[in-house]
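Report on one structure; see the data block that follows.
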Ligand code: R5P
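In this note's numbering, the protein residues as written are 913 to 1184.
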């Protein structure tokens, strides 16, 4: 792996823990103004100091992140379908590698839709992105997307989707935690990070998810709604950092959360 590629990966993954806490705020690219992400700048400003990377689109990067920021960026470069369509898998590469380089991002990210009507197209998109990424020294993060079919999130399916993504050349794969997750890790030769998915019943459930994922071999999280839809997003992000970087137990992470909540009032500006 060339120096530039290694350097970009080292910006996002801790040399001490080998793990990363990525904050995902790219949901608007197909969902529009998601609850508590209506004003992206307001949502991310207090969170950015505690994120190892920020996952977003170029539109949000240019409009809502100060260029003086040093937080590494994972740039979403696929899109082309919205939640108004039944099938979300009809995606193309929507951002050129030269623009990703111009934006000085640390990685590019694209969804692959294994088992969906546009499976072939999304896998070919990944292969082209990896070719361009290798030329530019830019890591590619493949996202094993399930569209609206959330029930697809089982070990057999995710192991297939992650392995295929890695075989095509993804440098990092983002997937979901599931029962039997260690099988997904075992079959994937590159680091895995886990998404949170839709908001769980409470903060504890999200901390449990992260804890199990790390314990079973994930190299971090790339989580959105379970952080910024929490009533205490900063405290939640700090608690997740304890899990991901210090291998904190769920009890210890809840202590971090409680301690931080005691110190930090819930942001008044966010809608209920
Ligand atoms: C889809 O919108 C993106 O890939 C998200 O970045 C990903 O699903 C992670 O966000 P969440 O934890 O909210 O699922």
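For every residue, glycine included, the Cβ atom is placed at its ideal position computed from N, Cα and C. Predicted model only: the values in this text are computed from it and were never measured.
- Shown here, residue 1069 sits in a helix according to DSSP, grouped into three states.
- Sequence-distant Cβ neighbours of residue 1166 in its own chain, meaning closer than 6 Å and more than five residues away, do not exist here.
- Taken in chain order, the unbroken stretches of alpha helix (DSSP H) that lie wholly in the region 1029–1054 and span 4 residues or more are 1031–1048.
- At least one heavy atom of the ligand R5P lies closer than 7 Å to the C-beta of residue 1135.
- In this structure, DSSP gives residue 927 a state outside helix and strand, which the three-state scheme calls coil.
- Rounded to whole angstroms, the Cβ separation of residue 1089 and residue 1102 is 17 Å, and the two are not in contact under 8 Å.
- Residue 933 is bridged by DSSP to 1133.
- Runs of the beta strand (DSSP E) spanning 3 or more residues and lying entirely within the region 1092–1144 occur at 1104–1107 and 1132–1135, in chain order.
- Restricting attention to alpha helix (DSSP H) runs no shorter than 4 residues, the region 928–984 encloses them at 940–943, 952–956 and 970–976, ordered along the chain.
- Going by DSSP, residue 1013 is part of the alpha helix (DSSP H) stretching over 1009–1014.
- In the same chain as residue 1029, and ignoring 5 residues on each side of it, the C-beta atoms closer than 7 Å to its own belong to 999 and 1001, in chain order.
- Look at the beta carbons and you see the region 1034–1043 not touching the region 937–949: under three pairs across the two are nearer than 8 Å.
- In the structure shown, the three-state DSSP call for residue 1005 is strand.
- Pairing residue 1114 with residue 916, the inter-Cα distance amounts to about 40 Å.
- Cβ-Cβ distances below 8 Å link residue 1062 to 1109 and 1110 in the same chain, with the five nearest sequence neighbours on each side left out; the list follows chain order.
- If you check the C-beta of residue 971 against the ligand R5P, you find no heavy atom less than 7 Å away.
- Contact annotation: the region 1081–1097 touches the region 1045–1061, with at least three C-beta pairs closer than 8 Å.
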